[in-house]
Amino acid sequence: MSRPRPQTSATSDAEPDLVVLLHGLARTRRSMRRLESRLRGEGWRTLNVGYPSTRRQPDELVELLHHRLGPAVQVRPKAGDETAETRRAAPSVPPPSVHFVTHSLGGLLLRALLDRYEIPALGRVVQLAPPNRGSEIVDRIGAWRAFGWIFGPTGRALGTGPGSLPSTLGVPAAEVGVIAGSRSINPLGSLLLPGAGDGAVTLARTRLGDGAEKDWIVLPLDHTTIMMREEAARQTVHFLRHGRFDHAAKESGG
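Counting in the working numbering, the sequence shown runs from 107 upward without gaps.
Set out below in structure tokens:
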């Protein structure tokens, strides 16, 4: 049986949609390469973006991502902020869609980017283990010197309080699918978290809130390696194709 091609925005002979991958805190683009390879094998084009997650403030990282997405991705100011120089006529043939697959912090930086800018060809978004509503671990030990040395100023901004990065972010104007992990390989993280989670984020805090995500699924995976696991990759592909996760396969163990 032939495999369905990735969704494209124009005609059947148009180039495939692009999937942008954004890694998490204290990681590099290498951590997303296995998933990137899977997505390429499914027929998508990919752009795996790296950024110095532990060495910059959140605002600086957002602007750095804005710079590194071009010229592959059209990113422009929100409509109210457009100037004559940034305004462009709509193309006669719609461009391929631009989807995003993010791990952890990458999902928050994408949300921050979309608060400032718009991506006209924005497609679907899959967030792996995102601290969408912050992490209680940062509330507990974020002020420790060792924490700041390892995770930097952006890591310290990932708490749950009113001044945290997650609390300032809007909901993306896109179909968002969230994959949460329920297994931990981090004993300290499990001790500090007040509920079930992946060792870094509780299940409840992966959610955007008020049912804002298009779909949400829990897999028995940990925060550190979720992006390298086959079931996460399979569910990512399913959401990018169909706008929903394959809950039936999860329930049957398939």
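The beta-carbon is built from N, C-alpha and C at its ideal position, and this holds for glycine as well.
Report the residue from the options whose alpha carbon sits nearest the alpha carbon of residue i.
i	options	result
R340	L131, A310, R146	R146
D328	W150, P236, L128, E224	P236
P300	P164, V244, A227, R161	V244
L171	G276, L141, A280, V126	V126
D123	V277, H129, H173, R151	R151
Y157	Q163, L167, G149	L167
E337	I225, I323, H348	I323
A263	T331, H129, P278, E242	E242
P259	P293, E224, Q163	Q163
L216	T266, W255, G276, H344	G276
E281	E319, G254, T160	E319
P226	D321, P278, S288	P278
R133	F345, M333, W250, F351	M333
T312	A286, T208, G305	A286
Report the CB separation of residue i from residue j in whole angstroms; it is logged as a contact under 8 Å.
i	j	result
T131	G261	It should be pointed out that residue 131 corresponds to Leu in this sequence rather than to Thr. So it is a contact: roughly 6 Å between Cβ atoms.
L309	G317	The pair is not a contact, with the Cβ atoms about 15 Å apart (cut-off 8 Å).
Measuring only the C-alpha atoms, how far is residue i from residue j?
i	j	result
P202	A252	44 Å
R315	G212	One detail in the question is off: residue 315 reads as Gly in this sequence, not Arg. Computed Cα separation, rounded: 18 Å.
V179	F206	11 Å
N154	M138	7 Å
Q233	S296	21 Å
P268	D165	17 Å
K184	R239	24 Å
E121	G265	41 Å
G349	V231	9 Å
E148	V343	8 Å
V204	I291	33 Å
G254	S159	12 Å
Does DSSP put residue i in a helix, in a strand, or in coil?
i	result
E169	helix
A185	helix
W255	helix
L309	coil
G212	helix
T117	Residue placement at T117 is flagged as unreliable, the pLDDT there being 39, under the threshold of 50; the coordinate-derived value follows with that caveat. If DSSP states are grouped into helix, strand and coil, T117 belongs with coil.
D321	strand
V125	strand
R230	strand
R347	helix
Could you give the uninterrupted runs of the alpha helix (DSSP H) lying entirely in the region 247–300, keeping only those of 4 residues or more? List check, alpha helix (DSSP H) in window: 251–262, 293–298.
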